[in-house]
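Undergrad:
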Amino acid sequence: NAGVTQTPKFQVLKTGQSMTLQCAQDMNHNSMYWYRQDPGMGLRLIYYSASEGTTDKGEVPNGYNVSRLNKREFSLRLESAAPSQTSVYFCASPLSGSVAYNEQFFGPGTRLTVL
Amino acid sequence: AQKITQTQPGMFVQEKEAVTLDCTYDTSDPSYGLFWYKQPSSGEMIFLIYQGSYDQQNATEGRYSLNFQKARKSANLVISASQLGDSAMYFCAMREPYNQGGKLIFGQGTELSVKP
Numbered sequence: 228n229a230g231v232t233q234t235p236k237f238q239v240l241k242t243g244q245s246m247t248l249q250c251a252q253d254m255n256h257n258s259m260y261w262y263r264q265d266p267g268m269g270l271r272l273i274y275y276s277a278s279e280g281t282t283d284k285g286e287v288p289n290g291y292n293v294s295r296l297n298k299r300e301f302s303l304r305l306e307s308a309a310p311s312q313t314s315v316y317f318c319a320s321p322l323s324g325s326v327a328y329n330e331q332f333f334g335p336g337t338r339l340t341v342l
Numbered sequence: 009a010q011k012i013t014q015t016q017p018g019m020f021v022q023e024k025e026a027v028t029l030d031c032t033y034d035t036s037d038p039s040y041g042l043f044w045y046k047q048p049s050s051g052e053m054i055f056l057i058y059q060g061s062y063d064q065q066n067a068t069e070g071r072y073s074l075n076f077q078k079a080r081k082s083a084n085l086v087i088s089a090s091q092l093g094d095s096a097m098y099f100c101a102m103r104e105p106y107n108q109g110g111k112l113i114f115g116q117g118t119e120l121s122v123k124p
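One line per chain: the protein sequences are A and B, in this order. Going from the first sequence to the numbering used here is simple: count from 1 and add 227. Going from the second sequence to the numbering used here is simple: count from 1 and add 8.
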């Protein structure tokens with residue numbers, strides 16, 4: 228997936244622990260998004276950032292916070308993890324320019340398990 | 009509210025045959041984008057094809073084509089000459105206008121199995 232990186236790829240947490248998922252894009256895009264995917268379901272938007280310095284809630288924001296540190300980086304924080312947050316998390320950013328303008332690239336995903 | 013519906017939880021197709029995956033959408037915005045993504049068992053999201061709401065012609069990308077019927081609000085994916093490597097989950101998604109955030113709204117997905 229060109230230009231969108233996520234860390235870590237896997238994580239196991241105990242209930243109540245905190246962690247931050249990191250996302251970076253090297254495509255100089257304004258918009259970045261965090262989605263979660265639960266088993267057998269499509270992706271649902273947690274938070275997004277339309278530009279550096281702005282963030283907005285998506286469909287399922289409860290239990291999460293985000294930071295748009297700069298144009299490249301958009302992090303997702305779980306302050307007190309709960310088993311319901313066990314999911315696969317994807318960061319995404321659209322590609323701009325010419326024919327590929329409408330493609331939204333996804334990072335490889337973070338598989339999070341909360342025990 | 010915008011919504012994407014994929015009514016086929018699972019589909020089977022014989023290798024080398026064509027298959028159509030259904031997708032219907034609902035929106036009141038005149039400007040939107042429709043996407044199809046493939047998710048193999050390894051988990052990554054792979055972009056396949058895009059159709060803009062104002063595009064006059066159906067989008068095509070190699071063996072993938074999008075049958076866009078605007079009046080019916082449908083955006084079905086057609087895969088021609090199926091290959092074993094096409095076995096995966098397929099997601100239809102709609103993008104809101106960028107002035108509303110440009111968020112993608114996903115359907116539930118269709119699991120495609122290609123039989124040898």
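Where is the CB? At the ideal position from N, CA and C, for every residue including glycine. Since we're looking at a predicted model, the values are computed, not measured.
Smallest Cα separation from Arg71/B: which of Ala89/B, Pro124/B, Asn84/B, Lys78/B?
TA: Checking every option, the nearest Cα to that of Arg71/B belongs to Ala89/B.
Undergrad: Examine chain B for any beta-carbon lying closer than 8 Å to the beta-carbon of Phe317/A, and answer yes or no.
TA: For Phe317/A, the answer is yes, since a Cβ of chain B falls inside 8 Å of its Cβ.
Undergrad: Could you say which of Gly290/A, Phe333/A, Met259/A, Leu342/A lies nearest to Gly51/B if we only look at CA atoms?
TA: Among Gly290/A, Phe333/A, Met259/A, Leu342/A, the Cα nearest to that of Gly51/B is on Phe333/A.
Undergrad: Here's the rule: buried if 16 or more other CB atoms are within 10 angstroms of the residue's CB, otherwise exposed. What is Thr68/B?
TA: It counts as exposed.
Undergrad: Return the chain-ordered list of same chain residues with a C-beta closer than 8 Å to the C-beta of Ser121/B, the five sequence neighbours on each side being excluded.
TA: For Ser121/B, where only same-chain residues beyond five positions count, the Cβ hits under 8 Å are Gly18, Met19, Phe20, Val21, Ser95.
Undergrad: Can you tell me which residues form a DSSP beta bridge with Ser39/B?
TA: For Ser39/B, which the question treats as bridged, DSSP gives no partner whatsoever.
Undergrad: Does any C-beta atom of chain B lie closer than 8 Å to the C-beta of Gly324/A?
TA: With a pLDDT of only 46 at Gly324/A, under 50, the local geometry of the prediction cannot be trusted, and the value read off the model is given with reservation. No, Gly324/A does not count as interfacial toward chain B.
Undergrad: What's the C-alpha gap between Asn292/A and Gln244/A?
TA: Taking the straight line joining both Cα atoms gives about 14 Å.
Undergrad: Using a cut-off of 7 Å between C-beta atoms, extract the partners of Asp253/A located in chain B.
TA: By Cβ distance, chain B contributes nothing, its closest Cβ being about 17 Å from Asp253/A, past 7 Å.
Undergrad: Count the other C-beta atoms from every protein chain shown that fall within 10 angstroms of the C-beta of Arg304/A, then say buried if there are 16 or more, exposed otherwise.
TA: The residue in question, Arg304/A, is exposed, as its Cβ has fewer than 16 Cβ neighbours within 10 Å.
Undergrad: What does the alpha-carbon distance come out to for the pair Glu279/A and Gln233/A?
TA: Cα to Cα, the separation comes out at about 18 Å.
Undergrad: From Gly60/B to Asn107/B, what distance separates their C-alpha atoms?
TA: Approximately 16 Å, taken between the alpha carbons.
Undergrad: If you reduce the DSSP assignment to three classes, tell me which class Val326/A lands in.
TA: Confidence at Val326/A is low in this model, with a pLDDT of 42, below 50, so the placement of that residue is unreliable and no value is reported for it.
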